[in-house]
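Undergrad: Please read through the structure below; I'll follow up with questions.
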Amino acid sequence: MQLNRLVQFHKVMSDPTRIRILVLLSKGSKHGQTLAGILGLTPPAVSHHMSKLRELNLVGEHRDKNTVYFHVNKSILEHYASGLIDILQQEEDVMKYNAEHQKIVDNFSLKDGRLKTIPAQRKKKLILLHHIAKGLKRGKVYEEKEINEYIKQYHDDYATIRREFIINQIMYREKGRYELNPEELWQKP
Numbered sequence: 001m002q003l004n005r006l007v008q009f010h011k012v013m014s015d016p017t018r019i020r021i022l023v024l025l026s027k028g029s030k031h032g033q034t035l036a037g038i039l040g041l042t043p044p045a046v047s048h049h050m051s052k053l054r055e056l057n058l059v060g061e062h063r064d065k066n067t068v069y070f071h072v073n074k075s076i077l078e079h080y081a082s083g084l085i086d087i088l089q090q091e092e093d094v095m096k097y098n099a100e101h102q103k104i105v106d107n108f109s110l111k112d113g114r115l116k117t118i119p120a121q122r123k124k125k126l127i128l129l130h131h132i133a134k135g136l137k138r139g140k141v142y143e144e145k146e147i148n149e150y151i152k153q154y155h156d157d158y159a160t161i162r163r164e165f166i167i168n169q170i171m172y173r174e175k176g177r178y179e180l181n182p183e184e185l186w187q188k189p
């Protein structure tokens, strides 16, 4: 769910009258005059609240001759209500993912930031390659000598790491010139 839609939902639901309207509609369809009478509001006030609820498709409507009846779209309401929990879970997963990756980087790095070894396990190797590549500038074209000097900050075997960058689509090489690919193209651990 998009964050801005979730924020909009919470703004709409921040009005107690709208919550009362949804509670009343959850017990069955009602028309605007009935809602106005129960809530002690004017019909234009009910109409205003209904338009806000309709913006997010939280209420639906159907006609019976000249009368419009409103009902709750429960599935949409449940979707929005669970949205915040979903976003919190995603953020927690990202934090765990980052912590796991940092632990791997720490385990394979010396205090000065250089690598002790290049791991044989693919997942750990990719995590370290991503870590090294984060220091490269997007859109910049590097000469082979430049990229070698950059990699030497992390490990003396610059040829292996440079080759791994290409194999794992972290970098693009053409005629001895290297450029960082967008992260979406990088092989994932």
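For the sequence shown, full-length UniProt numbering begins at 1 and goes up steadily by one. A virtual CB, placed ideally from N, CA and C, is assigned to each residue, including glycine.
1. I need the straight-line Cα distance from residue 163 to residue 118, nearest angstrom please.
2. Quick check on residue 53: buried or exposed, where buried means 16 or more other Cβ atoms within 10 Å of its Cβ?
3. Between residue 161 and residue 132, which are expected to be in contact by the criterion C-beta below 8 Å, what is the C-beta distance as a whole number of angstroms?
4. Residue 189 and residue 124 - do their beta-carbons sit closer together than 9 Å?
5. Just to confirm before moving on: does the CB-CB distance between residue 6 and residue 76 stay below 9 Å?
6. Start and end of the beta strand (DSSP E) containing residue 37?
7. Using 9 Å as the threshold, is the C-beta distance between residue 70 and residue 40 below it?
TA: Taking the structure as given:
1. 13 Å
2. buried
3. 7 Å
4. yes
5. no
6. Run containing residue 37: none in the beta strand (DSSP E); it sits in the alpha helix (DSSP H), 32-39.
7. no
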